[in-house]
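Report on the following structure.
There are 2 protein chains.
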Amino acid sequence: MARPRTFDETAVLDAAVDRFWTQGYEATSTRELADSMRMTLASMHNAFGDKRALFRRALEHYLDGSLRARIARHEAAPSPAMAIAGFLRESIERSLGDGCRRGCLLVNSALEVTPDNPDLRDFLNAELATIEDFFRRCLDRGRRSGEIPAGIPEGDAARLLFSTLLGIRVLARIRPERDLLEGAARGALASLGLPPMPDF
Amino acid sequence: MARPRTFDETAVLDAAVDRFWTQGYEATSTRELADSMRMTLASMHNAFGDKRALFRRALEHYLDGSLRARIARHEAAPSPAMAIAGFLRESIERSLGDGCRRGCLLVNSALEVTPDNPDLRDFLNAELATIEDFFRRCLDRGRRSGEIPAGIPEGDAARLLFSTLLGIRVLARIRPERDLLEGAARGALASLGLPPMPDF
DNA sequence: TTTATTTTGGATCATATGATCTAAAACACC
DNA sequence: GGTGTTTTAGATCATATGATCCAAAATAAA
Chain A
1 MARPRTFDET
11 AVLDAAVDRF
21 WTQGYEATST
31 RELADSMRMT
41 LASMHNAFGD
51 KRALFRRALE
61 HYLDGSLRAR
71 IARHEAAPSP
81 AMAIAGFLRE
91 SIERSLGDGC
101 RRGCLLVNSA
111 LEVTPDNPDL
121 RDFLNAELAT
131 IEDFFRRCLD
141 RGRRSGEIPA
151 GIPEGDAARL
161 LFSTLLGIRV
171 LARIRPERDL
181 LEGAARGALA
191 SLGLPPMPDF
Chain B
1 MARPRTFDET
11 AVLDAAVDRF
21 WTQGYEATST
31 RELADSMRMT
41 LASMHNAFGD
51 KRALFRRALE
61 HYLDGSLRAR
71 IARHEAAPSP
81 AMAIAGFLRE
91 SIERSLGDGC
101 RRGCLLVNSA
111 LEVTPDNPDL
121 RDFLNAELAT
131 IEDFFRRCLD
141 RGRRSGEIPA
151 GIPEGDAARL
161 LFSTLLGIRV
171 LARIRPERDL
181 LEGAARGALA
191 SLGLPPMPDF
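Protein chains in written order, with the UniProt record's numbering: chain A, 1 to 200; chain B, 1 to 200.
Structure representation (structure tokens):
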């Protein structure tokens with residue numbers, strides 16, 4: 001019983017994600033957002049609220065469309081070691097395949113968040129923790145089955161993989177060179193006694 | 001033959017560094033910079049040029065006062081392995097000791113740089129490369145002397161340490177927990193056959 | 001002391017920004 | 001077809017922003 005929307009929510013959120021991803025939150029103006037979303041400012045505000053709320057929606061849209069599905073997909077790999085290696089491989093290929101050097105929106109946002117936005121910080125931390133937990137679960141399963149050799153404490157190994165991934169995503173934005181990104185991943189895998197990443 | 005400056009260049013650059021470090025480049029206005037530097041906008045522009053130039057000066061001031069000296073200091077450690085472990089230890093203590101969760105200005109800036117500023121990107125990359133090179137030199141020296149066991153290729157090991165450090169600095173900003181940061185560092189050191197970090 | 005030169009303080013400019021307002025438009029339901 | 005509700009389009013508001021201008025102030029050199 002009201003005028004229907006003329007925009008596709010998925011499409012406009014894709015556009016918003018792209019702007020925030022490429023330029024960051026602060027460097028993206030609401031007008032630029034509205035233009036790239038092909039909406040007017042009024043429609044954008046009506047549909048998504050203010051800039052901060054829109055960013056949150058865009059971030060969730062990004063995560064829905066990438067991180068969560070990726071974790072689930074790799075966790076279903078034939079073996080935990082392959083899940084870890086496959087996840088790193090995919091992260092690297094995504095990084096190198098993006099000519100815009102956008103890196104990872106989640107990591108970019110984690111670095112841009114300021115002390116006056118603790119809600120966002122908590123949200124980002126919870127999402128980042130799902131990555132750390134993914135590594136931890138894989139290591140646990142692999143060690144239980146004997147596929148992954150026991151060595152350094154499991155928590156430390158998971159944190160090493162986690163921080164290596166973050167480092168790779170930082171480098172993806174500023175120095176996306178295959179040798180560098182793959183070298184870091186190879187180093188982490190080999191030093192933990194894990195099999196190398198699959199070829200691409 | 002002219003009116004002398006009334007400000008201390010080191011002090012005002014310290015103030016500028018603090019603002020950029022805490023909030024990032026985009027989120028810091030020129031007025032806020034001038035206020036925290038205790039200068040007028042005109043004096044600030046007269047002394048340092050526009051915002052971009054001031055940022056570059058602040059960044060160099062930051063690096064002069066921290067990164068370069070730190071690398072040199074640790075490289076003078078009794079052994080290459082201790083240099084690596086000591087550098088990581090200091091990075092972690094700096095991260096945890098900063099109640100403002102500022103992380104590392106160099107890493108923060110690397111993630112905020114946009115495609116329209118390739119000069120800054122090149123500069124940041126060159127500075128980041130000095131860290132990677134530091135790890136590589138230490139590994140090389142340690143392996144030549146037999147102190148560090150040969151294992152995975154030296155380049156990969158250096159890249160692993162490098163990306164781990166970047167990851168730690170990302171986490172320093174959003175999730176500065178000792179277990180997490182130390183776990184990542186412990187994982188990297190142990191998996192490369194390096195001695196653990198010194199206690200703090 | 002005079003002069004040249006630079007810094008300083010305050011005002012100011014043109015534009016950008018986040019957000020809102022108003023009224024017309026579009027549709028579902030009755 | 002009328003009614004009610006939401007979206008849309010464009011204008012607009014108050015403020016923020018980066019940068020500059022101008023005159024007064026301060027000093028070294030002549």
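All C-beta atoms in this analysis are idealised placements derived from N, C-alpha and C, irrespective of residue type, glycine included. All of these numbers come straight from a predicted model, not from anything done at the bench.
Inset, instruction - Compare the beta carbon distance of isoleucine 84 of chain B and threonine 130 of chain B with 9 angstroms and say whether it is the shorter of the two. - result: Stepping through the second sequence from its first residue, residue 84 of chain B is reached at position 84. Stepping through the second sequence from its first residue, residue 130 of chain B is reached at position 130. Not in contact: isoleucine 84 of chain B and threonine 130 of chain B (Cβ atoms no closer than 9 angstroms).
Inset, instruction - Determine the chain B residues that contact isoleucine 152 of chain A at a beta-carbon separation under 8 angstroms, and present them in chain order. - result: For the purposes of this step, residue 152 of chain A is taken as the residue at position 152 of the first sequence. Ordered by position in chain B, the residues that pass the 8 angstroms Cβ test against isoleucine 152 of chain A are Arg186, Gly187, Ala190 and Ser191.
Legend entry - Whole-angstrom C-beta distance between arginine 136 of chain B and alanine 158 of chain B, which should lie under 8 angstroms: Taking the first residue of the second sequence as 1, we reach residue 158 of chain B at position 158. Taking the first residue of the second sequence as 1, we reach residue 136 of chain B at position 136. Rounded, the Cβ-Cβ distance is 4 angstroms, consistent with contact.
Inset, instruction - Tell me, please, whether the CB atom of isoleucine 168 of chain A is closer than 9 angstroms to any CB atom in chain B? - result: In the first sequence, residue 168 of chain A corresponds to position 168, counting from 1. For isoleucine 168 of chain A, the answer is yes, since a Cβ of chain B falls inside 9 angstroms of its Cβ.
Legend entry - Stretch-stretch touch, CB-based, cutoff 8 angstroms, three pairs: the stretch 49-58 of chain B with the stretch 150-168 of chain B: no
Inset, instruction - Look up aspartate 116 of chain A in the DSSP assignment and say whether it is helix, strand or coil. - result: Within the first sequence, residue 116 of chain A is the residue found at index 116, counting from 1. Reduced to three states, the DSSP call for aspartate 116 of chain A is coil.
Legend entry - From B:Glu32, B:Arg38, B:Tyr25 and B:Ser29, residue whose alpha carbon lies closest to that of residue 213 of chain B: Nothing can be reported for residue 213 of chain B, as the shown portion of chain B is limited to 1 through 200.
Legend entry - Whole-angstrom distance between cysteine 104 of chain B and isoleucine 174 of chain B, CA atom to CA atom: Start at 1 with the first residue of the second sequence, and residue 174 of chain B comes out as number 174. Start at 1 with the first residue of the second sequence, and residue 104 of chain B comes out as number 104. Looking at the two C-alpha atoms, the distance is approximately 12 angstroms.
Legend entry - Endpoints, alpha helix (DSSP H) assigned at tyrosine 62 of chain A: For the purposes of this step, residue 62 of chain A is taken as the residue at position 62 of the first sequence. In this chain, the alpha helix (DSSP H) harbouring tyrosine 62 of chain A covers 51-65.
Legend entry - arginine 186 of chain B, enclosing alpha helix (DSSP H) - first and last residue: If you number the second sequence from 1, residue 186 of chain B lands on position 186. Element bounds for arginine 186 of chain B: 178-191.
Inset, instruction - Tell me where the alpha helix (DSSP H) around threonine 30 of chain B begins and ends. - result: Position 30 of the second sequence, counting from 1, holds the residue named residue 30 of chain B. Here the alpha helix (DSSP H) through threonine 30 of chain B covers 30-37.
Legend entry - chain A contacts made by the stretch 97-121 of chain B, where a contact means CB separation under 8 angstroms: Of all residues in the stretch 97-121 of chain B, only Cys100, Arg101, Gly103, Val107, Asn108, Ala110, Leu111, Glu112, Val113, Thr114, Pro115 and Arg121 come within less than 8 angstroms of chain A when Cβ atoms are compared, listed by chain position.
Legend entry - Min CB distance isoleucine 92 of chain B to chain A below 9 angstroms: As a working mapping, residue 92 of chain B is identified with position 92 in the second sequence. Taking Cβ atoms only, chain A never reaches closer than 9 angstroms to isoleucine 92 of chain B, which makes this a no.
Legend entry - Any chain A beta carbon closer than 9 angstroms to threonine 130 of chain B: Indexing the second sequence from 1 puts residue 130 of chain B at position 130. Threonine 130 of chain B does not count as touching chain A.
Legend entry - Given 8 angstroms, three or more beta-carbon pairs between the stretch 84-95 of chain B and the stretch 9-20 of chain B: no
Inset, instruction - Within the same chain, show all residues whose beta-carbon is closer than 6 angstroms to that of cysteine 138 of chain A, passing over the 5 residues directly before and after it, in chain order. - result: Counted from its first residue, the first sequence places residue 138 of chain A at position 138. Cβ within range, chain order: Pro80, Ala83 and Ile84.
Inset, instruction - Determine the contact status of valine 107 of chain A and leucine 111 of chain B, defining contact as a CB-CB distance below 9 angstroms. - result: Locating residue 107 of chain A in the first sequence gives position 107, counting from the first residue. Locating residue 111 of chain B in the second sequence gives position 111, counting from the first residue. Cβ atoms of valine 107 of chain A and leucine 111 of chain B: closer than 9 angstroms.
Inset, instruction - Taking 9 angstroms as the cut-off, decide whether the C-beta atoms of serine 95 of chain A and leucine 181 of chain A are in contact. - result: Walking along the first sequence from the start, residue 95 of chain A turns up at place 95. Walking along the first sequence from the start, residue 181 of chain A turns up at place 181. The answer is yes: Cβ separation under 9 angstroms.
Legend entry - Under 9 angstroms between C-beta atoms of residue 218 of chain B and arginine 186 of chain B: No information on residue 218 of chain B is available, as it lies outside the stretch 1 to 200 that chain B covers here.
Legend entry - Start and end residues, alpha helix (DSSP H) containing isoleucine 174 of chain B: Sequence index remark: in the second sequence, residue 174 of chain B carries index 174 (1-based). Residues 154-174.
Legend entry - Euclidean distance between Cα positions of leucine 161 of chain A and alanine 69 of chain A: Here residue 161 of chain A refers to the residue found at position 161 of the first sequence. Here residue 69 of chain A refers to the residue found at position 69 of the first sequence. Near 19 angstroms, if we compare the C-alpha coordinates of alanine 69 of chain A and leucine 161 of chain A.
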